[in-house]
Amino acid sequence: MSNPDRSAPPPSFLRRLSLALSVLFSGELARRLVEPPVVVAPPAPAPAPAPVAAPAPVEPPPPPPPQIITLKEATPDAALQLLGLLQRDARLIDFVQEDITAYGDADIGAAARLVHEGCRKVLKEHLTLAPVRTESEGARITLPAGFDAAQVRLTGNVVGQAPFTGTLSHRGWKVTELRLPQLAEGHDASIVAQAEVEL
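The numbers in UniProt numbering rise by one with no breaks, and the one at position 8 of the sequence shown is 8.
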């Protein structure tokens, strides 16, 4: 088998995802990838000297516990940190920045499923969410004069003054708690995904 051309650019995110799904759903392809190649054993080399014991690996310190930040304490760094977590666990930036016009719906759907699972994991781990309105969607509600326009957006034919009666089409979402890892001293939160260099 010829060596792959290391100077060629790596395949795109969606192409790599498509290849991974091919391996996942093809038992024959997966078997060929994990079976050891058949090789003719060369003559046994002369016995090597006894190996010297390597030093015991040093355990890295455990990551710091998530820091609970009140919404009033949240800084722009918290938003960048959350974006970095969405990139790390869901490859959100890669997916959104990819030009998907050349891909079929099946490829895009498979990628979207992975991005969805990763985004959902990040939201559940780092945010507590609650609906803005507790009524069921489709319910008729009345908004009194002085209602909080930051929490409720009027759509459709908005005429006159409150009170307004309409149909709740979306309950809305609000963040009630934010849990983010403690940033290391001097950490640049604007780097939401490090460049990767393969050696």
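Every residue, glycine too, gets a C-beta built ideally from N, C-alpha and C.
request  = Please determine, among L123, P76 and L14, the residue with the shortest C-alpha to C-alpha distance to Q97.
outcome  = Shortest Cα-Cα distance from Q97 to any of L123, P76 and L14 involves L14.
Where Q182 falls, given that 16 or more other Cβ within 10 Å makes a residue buried = By the neighbour-count rule (16 or more Cβ atoms within 10 Å), Q182 is not buried but exposed.
ask   = For L92 versus C119, is the C-beta distance shorter than 8 Å?
value = Their beta carbons are under 8 Å apart, which means L92 touches C119 by this criterion.
Through-space distance from P47 to D77, alpha-carbon basis = Cα to Cα, the separation comes out at about 57 Å.
key: Pair within 8 Å by beta-carbon distance, V122 and A90   = Contact: yes.
inquiry  = I want to know whether the segment 108–118 touches the segment 166–179 - three or more CB-CB distances under 8 Å.
reply    = Counting C-beta pairs with one atom in each stretch, the segment 108–118 and the segment 166–179 have fewer than three that are closer than 8 Å, which means they do not touch.
inquiry  = For a quick check, are the C-beta atoms of A130 and P144 less than 8 Å apart?
reply    = Note that the C-beta distance between A130 and P144 is not below 8 Å.
inquiry  = Quick check on DSSP: helix, strand or coil for P61?
reply    = Coil.
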